[in-house]
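Going down the list, the sequences are from chains C and E. Once you know that position 8 of the first sequence is 8 in the numbering used here, the rest is easy, because the numbers rise by one and skip nothing. Once you know that position 9 of the second sequence is 9 in the numbering used here, the rest is easy, because the numbers rise by one and skip nothing. Beta carbons: idealized from backbone N, C-alpha and C, even for Gly. Notes follow once the structure below has been shown.
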Amino acid sequence: DQQVKQNSPSLSVQEGRISILNCDYTNSMFDYFLWYKKYPAEGPTFLISISSIKDKNEDGRFTVFLNKSAKHLSLHIVPSQPGDSAVYFCAASPANAGGTSYGKLTFGQGTILTVHP
Amino acid sequence: ETGVTQTPRHLVMGMTNKKSLKCEQHLGHNAMYWYKQSAKKPLELMFVYNFKEQTENNSVPSRFSPECPNSSHLFLHLHTLQPEDSALYLCASSQDLGAYWNEQFFGPGTRLTVL
Chain C
1 DQQVKQNSPS LSVQEGRISI LNCDYTNSMF DYFLWYKKYP AEGPTFLISI SSIKDKNEDG
61 RFTVFLNKSA KHLSLHIVPS QPGDSAVYFC AASPANAGGT SYGKLTFGQG TILTVHP
Chain E
1 ETGVTQTPRH LVMGMTNKKS LKCEQHLGHN AMYWYKQSAK KPLELMFVYN FKEQTENNSV
61 PSRFSPECPN SSHLFLHLHT LQPEDSALYL CASSQDLGAY WNEQFFGPGT RLTVL
């Protein structure tokens with residue numbers, strides 16, 4: 001049973017346009033959500049995160065939106081650049097009653113983003 | 001350079017072999033993790049260590065045996081593996097598990113093939 005799902009295996013976008021990557025989750029205990037980016041032959045690198053008390057977090061060209069009622073989050077990249085071409089993973093984590101992290105990340109399958117010049 | 005290194009980067013082993021994967025972090029972190037990524041599947045958390053103590057074993061078969069001798073090093077000892085264990089094994093570290101959230105930094109992974 002996959003608790004974090006990225007239903008689009010791939011996305012192709014023209015340079016300068018918006019890239020929208022989507023992620024759905026099923027576990028209502030998830031409290032913190034992250035996006036990681038992975039280039040070939042490298043490990044994933046942290047991109048942006050959002051806590052469940054927010055519905056939007058912005059960092060430069062990257063914005064993450066969280067819709068808790070729909071258990072859905074999305075990553076917007078504006079404007080998209082060829083260097084953004086990578087695999088993007090959505091991940092989620094529960095927090096324990098003390099407000100600290102178990103360190104347990106549950107990942108989606110990833111979406112391959114290709115940005116064409 | 002993420003500050004987390006893994007060796008070897010590629011490993012081919014038979015089902016009767018014993019081998020070990022090594023992870024080292026140079027970030028001064030106290031929590032370390034092993035993840036597995038099989039083909040066309042999400043990354044799966046295997047083990048979590050915090051200050052050298054194992055805090056999570058995600059129902060991993062005993063043919064995978066982790067070892068954390070200090071906060072900078074993490075090993076994954078492998079014995080009598082199956083072909084379905086072929087995957088990318090990723091190590092990660094974070095400051096510790098004490099805060100609400102600490103970013104996890106990943107190594108480049110070891111690509112394991114079991115024949």
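Using a Cβ-Cβ cut-off of 8 angstroms (strictly less than) and excluding sequence neighbours within five positions of residue i, which residues of its own chain qualify?
i	result
Leu43(E)	Tyr35, Lys36, Gln37, Leu90
Lys14(E)	Going by the sequence as given, residue 14(E) is Gly instead of Lys. Closer than 8 angstroms at the Cβ level, and outside the excluded window around Gly14(E), lie Val114, Leu115.
Phe105(E)	Thr2, Gly3, Val4, Gln25, Leu27, His29, Ala92, Ser93, Ser94
Asn70(E)	Lys52
Helix, strand or coil for residue i per DSSP?
i	result
Pro66(E)	strand
Asp31(C)	strand
Asp96(E)	coil
Asp84(C)	helix
Asp55(C)	coil
Asp85(E)	helix
Val48(E)	strand
Tyr36(C)	strand
Gln3(C)	coil
Gln104(E)	coil
Leu17(E)	Reading off the sequence, residue 17(E) comes out as Asn, not Leu. Coil at Asn17(E), not helix or strand.
Tyr94(C)	Rather than Tyr, the amino acid found at residue 94(C) in this sequence is Pro. Here Pro94(C) sits in strand by DSSP.
Thr26(C)	coil
Asn57(E)	strand
Ser8(C)	coil
Using a Cβ-Cβ cut-off of 6 angstroms (strictly less than) and excluding sequence neighbours within five positions of residue i, which residues of its own chain qualify?
i	result
Val48(E)	Tyr33, Thr55, Glu56
Gly16(C)	Pro79
Leu78(E)	Lys19
Leu34(C)	Ser49, Ala91
Asn22(C)	Ser74
Val13(C)	Ser19, Ser80, Val115
To the nearest whole angstrom, what separates the beta carbons of residue i and residue j, a pair I think is in contact under 8 angstroms?
i	j	result
Thr111(C)	Val87(C)	7 angstroms
Thr63(C)	Lys56(C)	7 angstroms
Cys23(E)	Leu74(E)	4 angstroms
Ser108(C)	Lys5(C)	Rather than Ser, the amino acid found at residue 108(C) in this sequence is Gly. Contact flag correct, Cβ pair sits at about 6 angstroms.
Gly109(E)	Gly83(C)	Between Gly83(C) and Gly109(E) the Cβ distance is about 21 angstroms, and since that is not below 8 angstroms, they are no contact.
Phe30(C)	Ser93(C)	7 angstroms
Asp96(E)	Asn58(E)	That belief does not hold up - the Cβ atoms of Asp96(E) and Asn58(E) are roughly 19 angstroms apart, past 8 angstroms.
Ser52(C)	Tyr25(C)	That belief does not hold up - the Cβ atoms of Ser52(C) and Tyr25(C) are roughly 11 angstroms apart, past 8 angstroms.
Which residues does DSSP pair with residue i in a beta bridge?
i	result
Arg111(E)	His10(E), Leu88(E)
Asn67(C)	His72(C)
Gln25(E)	Val4(E)
Gln14(C)	His116(C)
Thr111(C)	Tyr88(C)
Lys36(E)	Glu44(E), Tyr89(E)
Leu76(E)	Leu21(E), Pro66(E)
Does the segment 31-40 of chain E come close enough to the segment 83-94 of chain E that 3 or more CB-CB pairs lie under 8 angstroms? Yes, since at least three Cβ pairs between the segment 83-94 of chain E and the segment 31-40 of chain E fall closer than 8 angstroms, the two stretches touch.
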